[in-house]
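Colleague: Could you have a look at this structure, given as structure tokens, before my questions?
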Amino acid sequence: MFPQPHGLPHDYTINKRQFSAWNTGHVLADIRVDIWGDFDVLCPLINKRFPEASAAKAMKLLKHAFRSISKNTNMMPMQLYAERLITFLDKKPTKERFLRIFSHVLDQAAIHKTADQTKAKNELKADLVGSLLVGNALDKQAQKLMNASTTSSSNSEMKASTNHVPDDDIDSDVDLNSSTSRSTEVENEDADECSSDRMAKSTIEKAAIEIHEQYTQGSPISSAERSIMSSGLSGILDFVDANEDGQRSLFEASLWMKMRAHYDHTFKESLAFARPPYLDEALTHIIHLCERSKGAAARAYLTKAMEAADADEDSIMGLRLVAQIIDSLAIHRTMLDPLRKTPPTEYDVAFKLWLPLFDHLFSGTPISTRIAETSNEVTAANKRAQYSNGHPIAFKIDIRFVHDCHHTSKMIDVAAAEAARDDSHNDKTINDNARLLREGKDILDNLLNTSLEQQAANSMMGVIIQLDGFQGSVSSIHLDQHGLYVALPRYRLQYPRSAASLRRFSDTLDALLALKDQLCSISAIVNNQMDLCKDKRASLGSKHGRPATAIKPHRLTKKQRPTWYSPPRNDASLSCLPSLLPPFKEG
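In terms of my numbering, the sequence shown has 1408 at position 559, counting the first letter as 1, and numbering is strictly consecutive.
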């Protein structure tokens, strides 16, 4: 039996554009994944696309396609399926069966071709001899068909009369329907929620497409309009940007607040953190000492508190972050001076102040940081697929948080941060947020693509951090059950500029520890899913030709949608809509 796809919808397909982006032939383009190993169905489809290909050539095309998918896809279930199919095709009995079936398809195609040629010759002969005899034969055949139709109609009427439904049965159906309708209050609430989500999705898409039309025609658009366009075309409902000229302007104020409350409740468990009592007590004492300018005493107490036997892991990490802050206040006193006339550059603040905090936060975990405007490989691949002929360049991200896979050498992005100067123009803040939202969506999509199980998919989110000088914010992006990406603000960050203002770091400390918990949880889930994938890949049953029952795909698989990316060289005329988004038309 051929392998079954684990964690993939059976009707999932890869389109021609994606295969072109991978520099791969279209042998499997738009063909359902569940028949990739069913040679009885697959061979005729390949022959139809490549009528001149021999059986050996078809086998070569198929193997090349599977290898390309395994190498290039960012979907772990798809990679697993392609690898299992490659192993399946390498078996001698499988090869022989494929060659035999494809050769049979070629023979059938040759027979049909000969028959078509014979038919064409006969039609030509009929034209030459005359159509009289042919017409008489057709008249006789038509008369036979009419007689058969009359007989069939009579039989149908008799059958209908004997299958007449009694009135009692009709009444019972009505009672059943009315009883069912009285017990569907919860279902109606779900329907209202679905309707609200669809309305929100339709509203942001419509506004985005209208702005996109102006954009591609060369009309100037503001930063706020560009944000509405990029988020809407990517299916993102943005609660992070609360400005009146953002997406908020597309909805009535009461509806906007109602939607915000609904999604806050839906995803309320995300990024939650309770400060341990030990840390709370120690932090209170350290802040008290710093506010009284007793720095040496604060350091001594801090060292003692971190070495205490009853200190829990979160408390020790929190105290390490406080120690890092105190060290930075001493090292970068000039840069932190509030009276400084020229504010420090965005990279000075991001890499000298914030980055050491992040590195301490994730020390000893599978998560590390990548800096200096590096690119997410998944985003880069997606943009190449969207603009295959334009040599596009992916987003450059200031700080990437990546999970180092213990199974492969690949890195999986779990969060992204973008930095700006303390006195940055409002347009840069809006543009950075728009970029981060789409980067966060790509992070979420890739995490969903690494998930085989529903429970794992439900726990995934995209996390983004926007730094604006000495302050910042943490936001999360979620995909709801109706296919809407929702961006929600979570925490504010504040970097203290003196030991006396260390109290302002208290809430930021909670936010950072919550961030650590969430990203480490995601990292552990990714490892778990990769372990599951490895188990399926090396299944003993599969080696004996008894593949396990396929894992059902999680429900969010079919809810994902492409991201809109800026066109190459920011040439608006090259901009195109994501493949699943049709052009909007009035009326």
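The beta-carbon is built from N, C-alpha and C at its ideal position, and this holds for glycine as well. All values reported here derive from a predicted model rather than from experimental measurement.
Taking 8 Å as the threshold (C-beta atoms), are SER1325 and MET1310 in contact?
Modeller: Result yes, Cβ atoms of MET1310 and SER1325 sit closer than 8 Å.
Colleague: Any idea which residues DSSP pairs GLN1173 with across the strands?
Modeller: Answer is none; GLN1173 lacks a bridge partner.
Colleague: Kindly indicate which residue of GLN1330, GLU932 and SER1177 has the alpha-carbon position closest to the one of CYS1351.
Modeller: The amino acid occupying residue 1351 in the given sequence is Leu; Cys does not appear at that position. The shortest C-alpha separation from LEU1351 is found at SER1177.
Colleague: Let me know the secondary structure DSSP gives TYR1112 once reduced to three states.
Modeller: Correct three-state label for TYR1112: helix.
Colleague: Distance, Cα to Cα, HIS1327 vs THR936?
Modeller: When rounded, the distance between both Cα atoms is 36 Å.
Colleague: Who are the near neighbours of ILE1261 in its chain, counting only those whose CB is closer than 8 Å to its CB and skipping five residues on each side?
Modeller: Hits under 8 Å: VAL1251, HIS1252, CYS1254, ASN1295, LEU1296, THR1299 and VAL1375.
Colleague: What number of angstroms, rounded off, separates the C-alpha of ASP822 from the C-alpha of THR1218?
Modeller: Nothing can be reported for residue 822, as the shown portion of the chain is limited to 850 through 1436.
Colleague: Taking 8 Å as the CB-CB limit, is PHE937 close to chain C?
Modeller: Looking for chain C here will not work: only one protein chain is present.
Colleague: For LEU1328, which beta-bridge partners are listed by DSSP?
Modeller: Per DSSP, TYR1334.
Colleague: Evaluate the contact criterion for the segment 1210-1229 versus the segment 1356-1367: three or more CB pairs, one atom per stretch, below 8 Å.
Modeller: Counting Cβ pairs under 8 Å, three or more are found: they touch.
Colleague: Rounded to the nearest angstrom, how far is the Cβ of LEU831 from that of HIS855, given a contact under 8 Å?
Modeller: Nothing can be reported for residue 831: it is not among the residues displayed for the chain, which extend from 850 to 1436.
Colleague: Is the segment 938-954 touching the segment 854-874 in the sense that three or more CB pairs, one from each, lie closer than 8 Å?
Modeller: The segment 854-874 vs the segment 938-954: no contact.
Colleague: Which term fits ILE913, buried or exposed, when burial requires 16 or more other beta carbons within 10 angstroms of its beta carbon?
Modeller: Correcting the residue identity first, residue 913 is His in this sequence and not Ile. Looking at its Cβ environment, which holds fewer than 16 other Cβ atoms inside 10 Å, HIS913 is exposed.
Colleague: Pick out whichever of LEU1333, ARG1284 and LYS1385 has its Cα sitting closest to the Cα of LYS1408.
Modeller: Considering only alpha carbons, the answer is LEU1333.
Colleague: Report buried or exposed for ASP1087, applying the criterion of at least 16 other Cβ atoms within 10 angstroms of its Cβ.
Modeller: Looking at its Cβ environment, which holds 16 or more other Cβ atoms inside 10 Å, ASP1087 is buried.
Colleague: Out of PRO1427, CYS1425 and ALA1421, which one is the CA nearest neighbour of GLN1066?
Modeller: Measuring from the Cα of GLN1066, the nearest candidate turns out to be ALA1421.
Colleague: Beta-carbon within less than 6 Å of HIS1061's beta-carbon, same chain only, minus the 5 sequence neighbours each way: which residues are those?
Modeller: Excluding residues within five positions, the ones whose Cβ falls inside 6 Å are MET1078.
Colleague: Looking at C-alpha atoms only, which residue of CYS892, TYR1340 and LEU1170 is the closest neighbour of LYS1117?
Modeller: When each option's Cα is compared against that of LYS1117, the closest is TYR1340.
Colleague: Classify SER1045 as helix, strand or coil using the three-state DSSP reduction.
Modeller: Residue state, collapsed to three classes: helix.
Colleague: Does the distance from the CB of GLN1127 to the CB of LEU1138 come in under 8 Å?
Modeller: Per the sequence presented here, residue 1127 reads as Tyr, with Gln not at that position. Cβ distance not < 8 Å, so TYR1127 and LEU1138 don't count as in contact.
Colleague: Apart from the five residues just before and just after GLY886, which ones in its own chain have a Cβ nearer than 7 Å to its Cβ?
Modeller: Taken in chain order, the residues that qualify are PHE851, PRO852, LEU934 and PHE937.
Colleague: Cβ of GLU1288 within 8 Å of Cβ of THR1228?
Modeller: Against a cut-off of 8 Å, the Cβ pair of THR1228 and GLU1288 comes out as a contact.
Colleague: Identify the residues that DSSP records as bridge partners of ASP1253: which are they?
Modeller: Answer is MET1260.
Colleague: Give the DSSP-derived three-state secondary structure of THR1183 in the structure shown.
Modeller: Correct three-state label for THR1183: helix.
Colleague: Determine the burial state of ARG1410: buried for a count of at least 16 other Cβ atoms within 10 Å of its Cβ, exposed for fewer.
Modeller: Classification for ARG1410: buried.
Colleague: What is the C-beta distance between LEU1210 and LEU1170, in whole angstroms, given that I count them as a contact (C-beta under 8 Å)?
Modeller: Confirmed, Cβ separation roughly 7 Å.
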